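K.L.:
The sequence shown begins at 370 in the working numbering and counts up one residue at a time.
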Amino acid sequence: MKKLILIDGNSLFFRAYYATAYSGRGLMKNKEGLYTNALFAFVNMFEKILEEDYSHILVAFDTDKPTKRHLAYKEYKAGREKMPEEMAVQIPLIHEYLKHKKIAELAIEGFEADDIIGTFAEKAKTEMAVEIYSSDKDLLQLIDDNVTVKLIRRGLSDVVEMTPESFYQEYGISHQYMVDLKGLMGDSSDNIPGLPGVGEKTAVRLIKEYGSLEQIMKNRDQIKGKLGETLRNEADKAYLSYDLSKIETDIQTEINFAKIKKANTDLAGLVEFYRKLDLHSFIKRIDSEELDLFSYQNHVEEEVPITSIIIESKTQLKAIIKDNLAIHLEYFENNYHTSELLGFGMSDGKKSYYVSAELALETKEFTDFLASETPKITYDYKAFKVGLLWRGFDLNGVVYDMLLASYLSYSQLTSSDFKVICGHFNYNEVNYDDVIYGRGAKKRVPELAVLAEHIAAKATAIYRLKNQILAVLKADDLLALNELELEVSTTLALMEYRGIKVDLTELKQQKGQLFERIKILEDQIHQYANKSFNIRSPKQLGEVLFDDLKLKSTKKTKTQRYSTNVEVLNSLIDEHPIIKPILEYRQVTKLYSTYIEGIENSLFEDQKLHTIYAQAQTATGRLSSLEPNLQNIPVRTEEGRQIRKLFVPSEGYSFISADYSQIELRVLAHLSKSQALIDDFNHDLDIHSQTAMKVFNTKEVSPYERFRAKAVNFGIIYGISAWSLAEDINTSVKEAQEFIDRYFEIYPEIKIFMDQTVKFAKENGFVKTIMNRRRYIPELKNPLHHIKAFGRRTAMNAPIQGSAADIIKKAMVDLLKYIKENKLQSKILLQVHDELIIEVPQTEIQLMKKVLPEIMNKTVSLAVKLKTDSKVGNTWYELD
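Structure below.
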């Protein structure tokens, strides 16, 4: 039997946006700054629907014009919040996606999507099965023996199939009474009034006893009490609600069933659409055989075909070793500390080769070549080097790393996906890893021929793209920074491989203490609640606080559940003694699960943590730490700082840390040439007290005034608004603006610098750091005001934050060079933002206490002197 799928486009789109808008990760955007989060979720849901077997399909949309319902009742759907701009700009993207998928869509002025769906369902149900996808329960009135409504609750991971049978099971009445039900109880989501005081239970009871709305009204004089009075006095509201809820099933439309037949996707257009929006994960899902159906290679000039050869002997391998060979080491998993090696790819631009990891590492001439200073080019030098170090080998002589070079060429190119990077440079001779290996539980190593071709193709790409990418770096004066990043890779590889030791006794002790504290807090909370419940469940917690304990709810989530976020709980802290233990419970459970258990699960056999420093993942140039994140160990609370006691130096060593003091403010003074700020720093004055004296026109600065001045100083770096500053220092917006204005009067060069930087960014599309690192800012061209404002703030901050990142990287390289040249045993362990932590043998403590800050302070020459604060300790905690 044929099947028609009818989709409520508005419903799906709203679900898609709000499912991703409040995920805590920020809205997804492409590299041009265009929001894509709703499109991303919409496509995910839509593609799942398309897995169904169907013959016809139609997506129905509302229009922005009034319908007959609005004319009948001016309050219909009144009070709905205006669609966020970030959401509205994605509507055209949804239509473009459907166009490429060759999916028919329809919107008719004066009618809603429900009416279109109702009309097509009515026409089709005698000849084909009908499935309707929506989150709108109004559509349940269309259920029939041949019409199923699939109610979407949470994306398509939670879909409830509603048939006549399941409707009866849920409501206890026939589906034919759905409109009567709505007439009685109304619908708050559409502002349909219904009868005052009549909810679902009462409405169902009336229908069970009397039948339809008409029958209920005929018998209303028999119904006693307040309900009977309501039925007699408010009947017009019930009839109005009935009419507003009833879906049209016979509207006139020019589209017939022939026009909504299943059709073949415009694959070329769809792939280009995905590429334009940086939705590369969707391209990966397209079957590789389908991709071959169109000329996906039209984006690049024709490349000379290259031969791939599988190396099967040591003799063959020795014969291809040469200078400037492109070499790629392929891992099966992302964590290269633990991943299986899949083999090496090599290319000289004319031929490409694959050799298994076993054969390669058994060939001494090859491993000697890798360890030598013979020039080589590769992709992700750091990962390559660490993988070899774990196996007793080494990698040196790398003069070009495609990952780093491509990242420097365009700061928004922060993907570590090889295919995505190649695509940015219009090179499409490499397949996606997901296509070759699969994903998730289906991930596997393919047959040798496929594996060898894939890895060899990567080596060829490295070789062929080298000159193109280096030409960009040369034109943008980035070759020196590229050299620095290569040296940083060497430093980071050694840090990652070395790892940092964890005190297992302290770990066990803290785990036990936190576990006991959690149990005590659970008992307290359950005692206050007079019942046991899952404290970690926001739903159950909300019910306890606001239903059982009758506390005043100030906020609800988008799903209309009680909000129990920190802001809400803090507002209730004086209302009930249960709140304080709940807040502490959240803090303690986070310490336990995220840090104690997280550290325990990440430990290697050497009792150390071996992180991964992502060197090409932030647009600012900052390093980030992954698996585990060692830059995120708590520092704000004493309970959190206790975690740092777990980290200890190797036996016979101590820790020394050095932290740049106010590095970003010093960079700001240098870049802006603000003489007053430069003088304050060079005379070692307390910069926040100096700012307070000038802003508040006082000689005696109170701690509160210093706090406010500090907020202004650091806020200026991030282009803070008066509104945000007012929140930070708890004052009025007017007074905050006066502080900012006064600040720029005292330091006029800073205002000039900020304005000139934004002007430069608007004209050129990027800003630069002191080492010429570029931060591209497409947000400045965005039509949405708040996105453009974000672009302005980014333009102001990026040269400062990026320069600070450049400085700490240069300091790491200089420090490692000093350690090597002087044959010292000291080792760099961690980089945490503006801080370096090293472990030092007892014999080198006095030397390194002196040398570490000296090296860091002399890394670059600025108009202000750099200053570091250094400490010695036997745990990370002692360095705070």
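The beta-carbon is built from N, C-alpha and C at its ideal position, and this holds for glycine as well. What you are looking at is a predicted structure, and each value in this text was computed from that prediction instead of being measured.
Are three or more beta carbon pairs between the region 1197–1209 and the region 857–875 nearer than 8 Å?
P.N.:
Because the criterion of three Cβ pairs below 8 Å is met, the region 1197–1209 and the region 857–875 touch.
K.L.:
Look at G714 and A828 and say whether their C-beta atoms are less than 8 Å apart.
P.N.:
Position 345 of the sequence shown, counting from 1, holds the residue named residue 714. Position 459 of the sequence shown, counting from 1, holds the residue named residue 828. For G714 and A828, yes; Cβs fall inside 8 Å.
K.L.:
With respect to the alpha helix (DSSP H) encompassing M715, which residues constitute its N-terminal and C-terminal limits?
P.N.:
Residue mapping note: residue 715 aligns to position 346 of the sequence shown, counting from 1. Premise fails: M715 lies in the beta strand (DSSP E), L710 to S716, not in any alpha helix (DSSP H).
K.L.:
Return the first residue and the last residue of the beta strand (DSSP E) that F415 is part of.
P.N.:
By 1-based counting over the sequence shown, the position of residue 415 is 46. Here F415 belongs to no beta strand (DSSP E); instead the alpha helix (DSSP H) covers N406 to I418.
K.L.:
Using DSSP bridges, identify the partner residues of L686.
P.N.:
As a working mapping, residue 686 is identified with position 317 in the sequence shown. BP columns for L686 are empty, so no partner.
K.L.:
Please determine, among I561, Y722, K506 and D1249, the residue with the shortest C-alpha to C-alpha distance to D1028.
P.N.:
For the purposes of this step, residue 1028 is identified with residue 659 of the sequence shown, where counting begins at 1. With distances taken between Cα atoms, D1028 lies closest to D1249.
K.L.:
For the region 468–513, list the alpha helix (DSSP H) runs that are entirely contained and at least 4 residues long, ordered along the chain.
P.N.:
List check, alpha helix (DSSP H) in window: 482–493.
K.L.:
Could you tell me the distance, in whole angstroms, from the CA atom of E699 to the CA atom of S708?
P.N.:
Here residue 699 corresponds to residue number 330 of the sequence shown, with the count starting at 1. Here residue 708 corresponds to residue number 339 of the sequence shown, with the count starting at 1. For E699 and S708, the distance between alpha carbons rounds to 10 Å.
K.L.:
By the three-class DSSP mapping on this structure, what secondary structure does A898 have?
P.N.:
What you label residue 898 is simply residue 529 of the sequence shown in a count that begins at 1. Looking at A898 - three-state DSSP - the assignment turns out to be helix.
K.L.:
Alpha carbon to alpha carbon, how far is S610 from A447?
P.N.:
Taking the sequence shown and counting its residues from 1, the one referred to as residue 610 is at position 241. Taking the sequence shown and counting its residues from 1, the one referred to as residue 447 is at position 78. So the alpha carbons of these two residues sit roughly 14 Å apart.
K.L.:
Start and end of the alpha helix (DSSP H) containing S994?
P.N.:
Here residue 994 refers to the residue found at position 625 when the sequence shown is read from its first residue. S994 -> not in any alpha helix (DSSP H); beta strand (DSSP E) instead, spanning S993 to L995.
K.L.:
Please return the same chain residues whose Cβ sits closer than 6 Å to the Cβ of V1229, not counting the five positions on each side in sequence.
P.N.:
Residue numbering aside, residue 1229 sits at position 860 when the sequence shown is read from its first letter. Excluding residues within five positions, the ones whose Cβ falls inside 6 Å are I1176.
K.L.:
Compute the distance between the beta-carbons of K751 and S901, then report whether it is under 8 Å.
P.N.:
As a position in the sequence shown, residue 751 is number 382, starting the count at 1. As a position in the sequence shown, residue 901 is number 532, starting the count at 1. Going by C-beta atoms, K751 is not nearer than 8 Å to S901.
K.L.:
Taking the CB atoms as reference points, tell me whether A695 and S716 lie closer together than 8 Å.
P.N.:
Here residue 695 refers to the residue found at position 326 of the sequence shown. Here residue 716 refers to the residue found at position 347 of the sequence shown. Going by C-beta atoms, A695 is nearer than 8 Å to S716.
K.L.:
Using DSSP with H/G/I as helix, E/B as strand and the rest coil, what is I1206?
P.N.:
Indexing the sequence shown from 1 puts residue 1206 at position 837. Three-state DSSP puts I1206 in a strand.
K.L.:
In chain order, what residues of the same chain lie with their CB nearer than 6 Å to the CB of P1003, ignoring the 5 residues before and after it?
P.N.:
Within the sequence shown, numbered from 1, the residue matching residue 1003 stands at position 634. Hits under 6 Å: G1009 and I1012.
K.L.:
Ignoring anything shorter than 3 residues, give me the beta strand (DSSP E) runs that lie fully in the region 833–883, in order along the chain.
P.N.:
Whole beta strand (DSSP E) segments, 3+ residues: 869–871.
K.L.:
Give me the Cβ distance between S778 and I838, rounded to the nearest whole Å; I'm assuming they're in contact under 8 Å.
P.N.:
Within the sequence shown, numbered from 1, the residue matching residue 778 stands at position 409. Within the sequence shown, numbered from 1, the residue matching residue 838 stands at position 469. Indeed they touch by this definition, with Cβ atoms about 6 Å apart.
K.L.:
A1167: which of N1243, L1231, Q984 and V1036 sits nearest, CA to CA?
P.N.:
What you label residue 1167 is simply residue 798 of the sequence shown in a count that begins at 1. The candidate whose alpha carbon is nearest that of A1167 is V1036.
K.L.:
Alpha carbon to alpha carbon, how far is D943 from L639?
P.N.:
Taking the sequence shown and counting its residues from 1, one reaches residue 943 at position 574. Taking the sequence shown and counting its residues from 1, one reaches residue 639 at position 270. Their backbone Cα atoms lie some 56 Å apart in a straight line.
K.L.:
Beta-carbon within less than 6 Å of N903's beta-carbon, same chain only, minus the 5 sequence neighbours each way: which residues are those?
P.N.:
Start at 1 with the first residue of the sequence shown, and residue 903 comes out as number 534. Q909, listed in sequence order.
K.L.:
I need the straight-line Cα distance from K631 to A818, nearest angstrom please.
P.N.:
Counting from one through the sequence shown, the residue named residue 631 turns up at place 262. Counting from one through the sequence shown, the residue named residue 818 turns up at place 449. C-alpha separation (whole angstroms): 37 Å.
K.L.:
Decide yes or no for the touch test of the region 575–591 against the region 615–631: beta carbon pairs closer than 8 Å, at least 3 of them.
P.N.:
No: the two stretches stay apart, fewer than three of their Cβ pairs being nearer than 8 Å.
K.L.:
Classify M370 as buried or exposed, calling it buried when 16 or more other Cβ atoms lie within 10 Å of its own Cβ.
P.N.:
Here residue 370 corresponds to residue number 1 of the sequence shown, with the count starting at 1. Looking at its Cβ environment, which holds fewer than 16 other Cβ atoms inside 10 Å, M370 is exposed.
K.L.:
What residues match up with K977 in a beta bridge as DSSP calls it?
P.N.:
Residue numbering aside, residue 977 sits at position 608 when the sequence shown is read from its first letter. K870.
K.L.:
Short of 7 Å in beta carbon distance, which residues of its chain neighbour R654, apart from the five on each side in sequence? Order them along the chain.
P.N.:
Taking the first residue of the sequence shown as 1, we reach residue 654 at position 285. Cβ neighbours of R654 beyond the five flanking positions: none.
K.L.:
Just tell me which of K949, G555, V573 and S504 has its CA closest to the CA of Q538.
P.N.:
Residue mapping note: residue 538 aligns to position 169 of the sequence shown, counting from 1. Per the Cα distances, V573.
K.L.:
Just to confirm, are N379 and A482 a CB contact at a threshold of 8 Å?
P.N.:
For this step, residue 379 is matched to residue 10 along the sequence shown. For this step, residue 482 is matched to residue 113 along the sequence shown. Yes, the Cβ-Cβ distance between N379 and A482 is below 8 Å.
K.L.:
Are the CB atoms of E1148 and G1134 within a distance shorter than 8 Å?
P.N.:
In the sequence shown, the residue the question calls residue 1134 occupies position 765. In the sequence shown, the residue the question calls residue 1148 occupies position 779. No, they are not a contact pair.
K.L.:
Using the three-state DSSP reduction, which class does R1005 fall into: helix, strand or coil?
P.N.:
Position 636 of the sequence shown holds residue 1005. R1005 falls in the coil class under three-state DSSP.
K.L.:
Counting pairs of Cβ atoms below 8 Å between the region 527–534 and the region 498–514, do you hit three or more?
P.N.:
These segments touch.
K.L.:
Please classify D935: is it buried, with 16 or more other beta-carbons within 10 angstroms of its beta-carbon, or exposed?
P.N.:
As a first step, residue 935 must be located in the sequence shown, where it is residue number 566. Sequence inspection shows Val at residue 935; the Asp mentioned does not correspond to that position. V935 comes out exposed.
K.L.:
Nearest-angstrom Cα distance between S682 and M1165?
P.N.:
Residue mapping note: residue 682 aligns to position 313 of the sequence shown, counting from 1. Residue mapping note: residue 1165 aligns to position 796 of the sequence shown, counting from 1. Cα to Cα, the separation comes out at about 57 Å.
K.L.:
Given this structure, state the Cα-to-Cα distance separating A1232 from A1045, to the nearest angstrom.
P.N.:
Looking up residue 1232 in the sequence shown gives position 863. Looking up residue 1045 in the sequence shown gives position 676. Each residue's alpha carbon lies about 12 Å from the other.
K.L.:
Assuming contact is defined by CB atoms lying nearer than 8 Å, are A1078 and H1057 in contact in what I supplied?
P.N.:
Numbered from 1 along the sequence shown, position 709 holds the residue referred to as residue 1078. Numbered from 1 along the sequence shown, position 688 holds the residue referred to as residue 1057. Going by C-beta atoms, A1078 is nearer than 8 Å to H1057.
K.L.:
Would you kindly work out how many angstroms separate the C-alpha atoms of A985 and G402, rounded to a whole number?
P.N.:
The sequence position of residue 985 within the sequence shown is 616, counting from 1. The sequence position of residue 402 within the sequence shown is 33, counting from 1. Computed Cα separation, rounded: 19 Å.
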